[in-house]
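*Asks:* Pasting in a structure now, in structure tokens, and then I'll have a few things to ask.
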């Protein structure tokens, strides 16, 4: 699946916002701790966002859904947000990844 320019713009905005959430939290609560590096890998169906040595979140390339990781290779079943909503899915993100379902 090819990534469209619109998807790339929304993803970039989500990615930058997600890092800002984590950085702001760490600076406030743990100012002396080193910050983890973020990266991402584009797969066939999902973009895997990696924080340090752990999976932080998955993004479904087809729909833009934000998914919590179930394991290193697979997301949990239900979406926690979407990068195409008005908040870029960031209202469902915490410094530690997507929120849990209630």
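In the working numbering, the protein residues as written are 4 to 105. Ideal Cβ placement from N, Cα and C applies to all residues, glycine included.
1. By the 10 Å Cβ neighbour count, where 16 or more other Cβ atoms means buried, how is residue 36 classified, buried or exposed?
2. What is the residue span of the beta strand (DSSP E) that residue 84 lies within?
3. Nearest to residue 117 by alpha carbon, out of 71, 75, 80, 50?
4. Applying the criterion that 16 or more other CB atoms from any shown protein chain within 10 Å of the CB defines a buried residue, is residue 94 buried or exposed?
5. Are residue 100 and residue 17 closer than 8 Å when you measure CB to CB?
*Replies:* So, from the data block:
1. Within a 10 Å sphere around the beta-carbon of residue 36 sit fewer than 16 other beta-carbons, which makes this residue exposed.
2. Residues 78-85.
3. Residue numbering for the chain in the displayed model covers 4 to 105; residue 117 lies beyond these limits and cannot be assessed.
4. Residue 94 is exposed by the Cβ-count criterion.
5. Result no, Cβ atoms of residue 100 and residue 17 do not sit closer than 8 Å.
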